[in-house]
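Q: The numbering of the first sequence is our numbering, which starts it at 1299 and goes up by one. Yeah, the Cβ is synthetic: ideal placement off N, Cα and C, and Gly gets one too. Quantities reported herein were computed from a predicted structural model and do not represent experimental measurements. Sharing a structure, written as structure tokens. Questions coming.
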Amino acid sequence: MAHEQDSASSRHDDEEVYDFSALQKKWLPIWDELQPFSTSNPDDERPRKYVLDMFPYPSGDLHMGHAEVYALGDVVARYWRQQGFNVMHPIGWDSFGLPAENAAIKRGIDPRGWTYDNIAQQKKSMRLYAASFDWEREIHTSDPEYYKWNQWLFLELYKAGLAYRKESWVNWDPVDQTVLANEQVLADGTSERSGAMVVKKRLTQWYFKITDYADRLLDDLDQLEGHWPSKVLQMQRNWIGRSIGADVEFEIEGREERVPVFTTRPDTLWGATFMVVAPDAALASELVEGTSPEVQQRFADYLTEVGHSSEIERQATDRPKTGVFLERYAINPVNGERLPIWAADYVLADYGHGAVMAVPAHDQRDLDFARTFDLPVRVVLDVPNTNEDGASNDPSETGVALAGDGTLINSGPLDGLRKAEAVPRAIEILEAEGRGRATKNYRLRDWLISRQRYWGTPIPIIHGEDGTEHPVPVEQLPVLLPDAAGLDLKPKGTSPLGGAADWVNVPNPVDGTPAKRDADTMDTFVDSSWYFLRFLNPNDDSQAFDPKEAEKWAPVDQYVGGVEHAILHLLYARFITKVLHDLGYLKFTEPFKALLNQGMVILDGAKMSKSKGNIVFFTEEVDKHGVDAVRLTMAFAGPPEDDIDWAEVSPVGSAKFLARAWRVANDVTSEPGVDPATGDTALRRVTHRFLADAPGLTEAFKFNVVVARLMELVNATRKTIDSGAGAADPAVREAAETTALALNLFAPYLAEEMWEKLGFEPSVALVQWRTADESLLVAESVTAIVQVNGKVRDRLEVSPQITDAELEALALASDAVQKAIGEGEIVKVIVRAPKLVNIAIRS
RNA sequence: GCCCCUAUAGCCCAAUCGGUAGAGGCAGACGACUUAAAAUCGUCCGAGUCAGGGUUCGAGUCCCUGUGGGGGUACCA
């Protein structure tokens, strides 16, 4: 094998061989010298574009997912540069986080060293990959110069009343020994990081009050319509989960305070037959006090049982309903009925008020519960029976709640109203009596930002002995992380920072008495919630970002990244942007004007993973095929949002195409500047159609189509060289130059080499796209089809300027058409000159 | 369960406003070059658009129903 390769390369030791490795070695230092992607010139008068790729978490080397996102993001960045824009395309490192800490614990080393070593390695790969980043703006979120501003941001939220501490049930990851945000718990109840089954734990933690922004986060999604993938918009809408309804206040026998419940169906209030409270809500424990010892015991047992059930059991939807009767009664405010109160875990403590009015006839969950415990079911909405066999649709018989629309019955003043009329009427009645009001509820919960881990941003709060909270004064920021040496980083359920005695024990800023620093660190999603602003002035040590620069560059014009961040990161960044807007730092309210999601790179239909051993390694692919071929493959594989199965695409094919393009450029014999107008018209038409179409296709993210069209152009050029006008034809040069310009988006090394070979100075990345010559876009003749009753019967070569009348006459004169019409009677003739005639006949 | 996306050649994918189903690639066949092979160049082969119904002069494209695949969500009252 090796022998054969040697002989092959010695035989073709001339410049026509496409040697990607030599190109990579040649151009990287030249670009370093030229700095074509710098955005540091303040006098640059070109219009600006901010193109941002989601920054990577530095673990190990780059992987194929990185290869995809940075290939596609770079197409966009390079495209806008060609279109005359001053494009800011920065990159940095999301370098705080658990993997570094876990790796450090495993190896007994410092997370800092591990992280920065990884960054060094990945940066090398990233530079080789030739994405057009402005490296002068590189940031690391784990640098004190960065996380200082996380702390500043925290204090801004704190001052605004948007950061607060509360005790509550939290998601606890028993493997990583830390709390998780709701957003970090997967649908199956496991941690998105460790994969461990998440358990509930009661802790006092810091929260950001994102729920205050729920309406705006939801409503402002409308502005992004058409610019963000509709899937992401929908996921965000579902996540926020706004429900419109009403609070209804129930008197409780033997209790002073009323109990409010939230319902989206106030129209069914007359159908309530019992009340259910969440067993883990404070209300349940309160209600059970003073009841019989048996009930108290049953409740205590039930609470224990609920606490022990795993997340999986809790989430099984077909799980039988469980609960205990508390032997207490609520009074229905509209009809005075006594409603028995039950505790059951199908009611959630942290949604609404942790209690519901149960209307079994019209709510499936309530019906399931009622049937399990033999509670009454009362229909209050007459819903038309759609059972075909005429069987009853009575929920107590069928077990199916009547969820549809209908007319109110058994509902006093609402009787006879439609559902849509009854809802507002019921709210009016409640409001008039002071027993309720229209209200909204959200699925979204506040953002839990405390983490009991080391490798993150310290929370800049000092706790006095008396329990008071004191923010660290801004001028004392950053609160530096203590040295990891000597600290026990092993997960033990409390923050490792608490073990750094010198660090944690500080005087109370108010009176100098002993106090302690908050020992938790922030969720790393805080770091990434505003990083796009830090790129604007990454070295400014006087402020987090410069609002003037923000006005120039932000918001981000095009954001590129994986759909895995569709909810978490994007929601947090949107929230923080709105907060900074409200605090007067920003003029805009949405951080990312447009979003492009790329799919995943998979293998043989399966997600790549270490455990499955089906990993394609970035470095191996780049070594084997070259950067350009890997990048081109990413663009050509299909629409960006589709997954790329690496087993189904062909970097070999991409490399072949690049070699083919390279040979075409090599064959050009005409001099730079030769007038293309004298060249072969057929090839020029292909070139100019490409020049005309490529920009629109690129802006629509149809990169695969642009590449296909480019292949077509190269094929046409080859044909002209070999069997047409020949290599000296000026149209061949024009086509080759166009190819180099287009390849700049997908294969920057080869593009640069071709550009040089064609007699120009680097860098091709700074050369403007050419406008197509309109006269070459109009074909000399077009094929018009003639249909009879929709079937193609003839084709006519006609002028593109032909009129409807002329074309119709020509079509009717056709023998083939006349034959098809036969004896039939012409009913209608549709003419779409110059492309089509359709003759409708009746036979 | 609910919500959303999707289905075009053996495979990956194209197809502006509804107007000739094919741009491109992979795989395959044949030929040229070569002592031969690789590389290269050339030629060719290839679906009637998941199924059924509807709207229309005309449907891959719009509407309805179903099936397959993918994703989100999970007792949110």
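1. Considering only DSSP beta bridges, list what Ile-1639 is partnered with.
2. Nearest to Leu-1834 by CA position, among Lys-1846, Leu-2008, Phe-1823, Ser-1826, is which residue?
3. Whose C-alpha, out of Asp-2113, Asp-1902, Pro-1771, is nearest the C-alpha of Lys-1910?
4. Would DSSP call Phe-1880 helix, strand or coil?
5. What does DSSP give as the partner residue(s) for Asp-2092 in the beta ladder?
6. Might you give, ordered along the chain, the residues of its own chain that have their beta carbon closer than 7 Å to the beta carbon of Arg-1535, omitting 5 neighbours on each side?
7. Just how far apart, CA to CA, sit Arg-1435 and Val-2076?
8. Give me, in chain order, the residues of the same chain whose beta-carbon lies closer than 8 Å to that of Ala-1699; leave out the 5 immediate sequence neighbours on both sides.
9. Can you tell me which of the three DSSP states Arg-1815 falls into?
10. Tell me, to the nearest whole angstrom, how far the beta carbon of Leu-1673 is from that of Thr-1566; I am working on the premise that it is less than 8 Å.
11. Alpha carbon to alpha carbon, what distance is there between Arg-1815 and Val-1802?
12. Inspect the beta-carbon positions of Asp-1648 and Val-1604 and report whether they are closer than 8 Å.
13. What are the start and end residues of the beta strand (DSSP E) that includes Tyr-1462?
14. Given a cut-off of 8 Å on the beta-carbon distance, is the pair Lys-1498 and Trp-1526 in contact?
15. In its own chain, which residues sit with a C-beta less than 7 Å from the C-beta of Gly-1539, not counting the 5 before and 5 after it?
16. Whose C-alpha, out of Gly-1810, Pro-1794, Phe-1916, is nearest the C-alpha of Ile-1280?
17. So, Glu-2106 versus Val-2127, is the Cβ gap smaller than 8 Å?
18. In the segment 1918-2004, which residue ranges form an unbroken beta strand (DSSP E) of at least 3 residues, counting only runs that do not cross its ends?
19. Kindly indicate the opening and closing residues of the alpha helix (DSSP H) around Ser-1528.
20. Is the beta carbon of Ala-1724 less than 8 Å from the beta carbon of Leu-1712?
21. Alpha carbon to alpha carbon, how far is Arg-1514 from Trp-1537?
22. Closest by CA to Trp-1745, which one among Asp-1510, Pro-1794, Leu-2011?
23. Give the secondary structure of Lys-1619 by DSSP, where H, G and I count as helix, E and B as strand, and everything else as coil.
24. Let me check one thing: in DSSP terms, what residues is Glu-1547 bridge-paired to?
25. For Trp-1828 and Ile-1757, which I take to be in contact (beta-carbon distance under 8 Å), what is that distance rounded to the nearest angstrom?
26. The alpha helix (DSSP H) with Gln-1322 in it runs from where to where?
27. If Phe-1999 and Thr-1737 are in contact, beta carbons under 8 Å, what's the gap, nearest whole angstrom?
28. Counting Cβ pairs, one atom from each stretch, are 3 or more of them under 8 Å apart for the segment 1324-1340 and the segment 1356-1369?
29. Which of the three DSSP states is assigned to Thr-1589 in this structure?
30. Between the alpha carbons of Leu-1581 and Lys-1876, how many angstroms are there, rounded?
31. CB-CB under 8 Å to Ser-1319, same chain, minus the five flanking residues each way: which ones, in chain order?
32. Tell me where the alpha helix (DSSP H) around Gln-1841 begins and ends.
33. Could you tell me which whole alpha helix (DSSP H) segments of length 4 or greater appear in the segment 1692-1723?
34. Suppose contacts are defined by Cβ-Cβ distances below 8 Å. Is Trp-1450 in contact with Ala-1842 by that definition?
35. Any chance you could list the beta strand (DSSP E) runs of at least 3 consecutive residues sitting entirely within the segment 1840-1871, in chain order?
36. Whose CA, out of Ser-1492, Ala-1512, Gly-1358, Ala-1628, lies closest to the CA of Ile-1550?
A: On the basis of the coordinates in this document:
1. Locating residue 1639 in the first sequence gives position 341, counting from the first residue. In DSSP, Ile-1639 forms a bridge with Met-1573, Arg-1626.
2. As a working mapping, residue 1834 is identified with position 536 in the first sequence. Checked all of Lys-1846, Leu-2008, Phe-1823, Ser-1826; the closest Cα to Leu-1834 is Lys-1846.
3. The count along the first sequence starts at 1 and reaches residue 1910 at position 612. Minimum Cα distance to Lys-1910 is reached at Asp-1902.
4. The sequence position of residue 1880 within the first sequence is 582, counting from 1. Inspection of the sequence shows that residue 1880 is occupied by Asp rather than by Phe. Helix, per DSSP.
5. As a first step, residue 2092 must be located in the first sequence, where it is residue number 794. In DSSP, Asp-2092 forms a bridge with Val-2084.
6. Reading the first sequence from its first residue, position 237 is the one you call residue 1535. Result list for Arg-1535: Leu-1516, Leu-1519, in chain order.
7. Position 137 of the first sequence, counted from the first residue, corresponds to residue 1435. Position 778 of the first sequence, counted from the first residue, corresponds to residue 2076. Looking at the two C-alpha atoms, the distance is approximately 46 Å.
8. In the first sequence, the residue the question calls residue 1699 occupies position 401. If we look at Ala-1699 and ignore the five residues flanking it on each side, its Cβ neighbours are Pro-1658, Ala-1659, His-1660, Asp-1661, Gln-1662, Asp-1664, Leu-1665, Pro-1693.
9. Numbered from 1 along the first sequence, position 517 holds the residue referred to as residue 1815. Strand at Arg-1815.
10. Residue 1673 sits at position 375 when you count from the first residue of the first sequence. Residue 1566 sits at position 268 when you count from the first residue of the first sequence. About 15 Å separates the two Cβ atoms, so there is no contact after all.
11. Here residue 1802 refers to the residue found at position 504 when the first sequence is read from its first residue. Here residue 1815 refers to the residue found at position 517 when the first sequence is read from its first residue. Straight-line Cα distance between these residues: approximately 5 Å.
12. In the first sequence, counting from the first residue as 1, residue 1648 sits at position 350. In the first sequence, counting from the first residue as 1, residue 1604 sits at position 306. No; because the gap between Cβ atoms is not below 8 Å, this pair is not in contact.
13. Working through the first sequence from its first residue, we reach residue 1462 at position 164. Where Tyr-1462 is concerned, the enclosing beta strand (DSSP E) stretches over 1461-1471.
14. The count along the first sequence starts at 1 and reaches residue 1498 at position 200. The count along the first sequence starts at 1 and reaches residue 1526 at position 228. Taking 8 Å as the Cβ cut-off, Lys-1498 and Trp-1526 do not qualify as a contacting pair.
15. Along the first sequence, one-based indexing puts residue 1539 at 241. Answer for Gly-1539: Tyr-1740, Arg-1741, Leu-1742, listed in chain order.
16. Any question about residue 1280 goes unanswered here, given that the chain covers just 1299 to 2141.
17. Stepping through the first sequence from its first residue, residue 2106 is reached at position 808. Stepping through the first sequence from its first residue, residue 2127 is reached at position 829. A contact, by the Cβ cut-off of 8 Å.
18. none
19. If you number the first sequence from 1, residue 1528 lands on position 230. Taken as a continuous stretch (DSSP letters only), the alpha helix (DSSP H) holding Ser-1528 covers 1528-1538.
20. On the first sequence, position 426 is the one that residue 1724 refers to. On the first sequence, position 414 is the one that residue 1712 refers to. It is a contact, given that the beta carbons lie within the stated cut-off.
21. Here residue 1514 corresponds to residue number 216 of the first sequence, with the count starting at 1. Here residue 1537 corresponds to residue number 239 of the first sequence, with the count starting at 1. C-alpha separation (whole angstroms): 14 Å.
22. As a working mapping, residue 1745 is identified with position 447 in the first sequence. The candidate whose alpha carbon is nearest that of Trp-1745 is Asp-1510.
23. As a position in the first sequence, residue 1619 is number 321, starting the count at 1. Coil.
24. Counted from its first residue, the first sequence places residue 1547 at position 249. Pro-1558.
25. What you label residue 1828 is simply residue 530 of the first sequence in a count that begins at 1. What you label residue 1757 is simply residue 459 of the first sequence in a count that begins at 1. That belief does not hold up - the Cβ atoms of Trp-1828 and Ile-1757 are roughly 16 Å apart, past 8 Å.
26. As a position in the first sequence, residue 1322 is number 24, starting the count at 1. Start and end: 1318-1332.
27. Here residue 1999 refers to the residue found at position 701 of the first sequence. Here residue 1737 refers to the residue found at position 439 of the first sequence. Phe-1999 to Thr-1737, Cβ: 41 Å. No contact.
28. no
29. Position 291 of the first sequence, counting from 1, holds the residue named residue 1589. If DSSP states are grouped into helix, strand and coil, Thr-1589 belongs with coil.
30. Your numbering for residue 1581 matches position 283 in the first sequence. Your numbering for residue 1876 matches position 578 in the first sequence. Those two C-alpha atoms are separated by around 35 Å.
31. Residue mapping note: residue 1319 aligns to position 21 of the first sequence, counting from 1. Gly-1924, listed in sequence order.
32. For the purposes of this step, residue 1841 is taken as the residue at position 543 of the first sequence. That residue, Gln-1841, is in no alpha helix (DSSP H); it is neither H nor E in DSSP.
33. 1693-1696
34. To locate residue 1450, count along the first sequence from 1; it is residue 152. To locate residue 1842, count along the first sequence from 1; it is residue 544. Against a cut-off of 8 Å, the Cβ pair of Ala-1842 and Trp-1450 comes out as a contact.
35. 1856-1860
36. Sequence index remark: in the first sequence, residue 1550 carries index 252 (1-based). Closest option to Ile-1550, Cα to Cα, is Ala-1628.
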